[in-house]
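Trainee:
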Amino acid sequence: MFMRWEEATRQKYDLMISKIPLFHREITKRVVPLKAEENAKARGAMVIEEPDVIQAFLTEVPKAFYSMMIRLMDDVGFQYHPFTEK
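Counting from 510, one number per residue, gives the positions in the sequence shown under the working numbering.
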């Protein structure tokens, strides 16, 4: 059974997915939601929230596509900065 998503997070995710090149879109649609759900469960949450999805993108998308992913996160309004600044 799939976990419920925070509505604003789902909208940003869907928009981001629509901007990913077709070649990569299907694999991203498979791996990111699974990892986001795993992240939410690890927090003890019942709902997938924006940080869960951001961390999923950052850990599951190959590093070769990092700059494109960051650009798309900017485009859709994901607040990824706390996760990328060390």
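C-beta atoms are modelled at their ideal positions from N, C-alpha and C, and glycine is treated no differently.
(1) I need the straight-line Cα distance from residue 534 to residue 522, nearest angstrom please.
(2) Exposed or buried, what is residue 541 when buried is set at 16 or more other beta-carbons lying within 10 Å of its beta-carbon?
(3) If residue 549 sits next to residue 558, beta carbons under 8 Å apart, how far is it from one beta carbon to the other, in whole angstroms?
(4) Would you report the Cα separation of residue 539 and residue 560, rounded to the nearest angstrom?
(5) From this set, 574, 567, 578, 575, which residue's C-alpha is nearest residue 544's C-alpha?
(6) Tell me the DSSP bridge mates of residue 513?
(7) How would you call residue 556, buried or exposed, if buried means at least 16 neighbouring beta carbons within 10 angstroms?
Mentor: Well, looking at it:
(1) 12 Å
(2) Result: buried.
(3) 7 Å
(4) Roughly 18 Å between the two C-alpha positions.
(5) 567
(6) 556
(7) Exposed.
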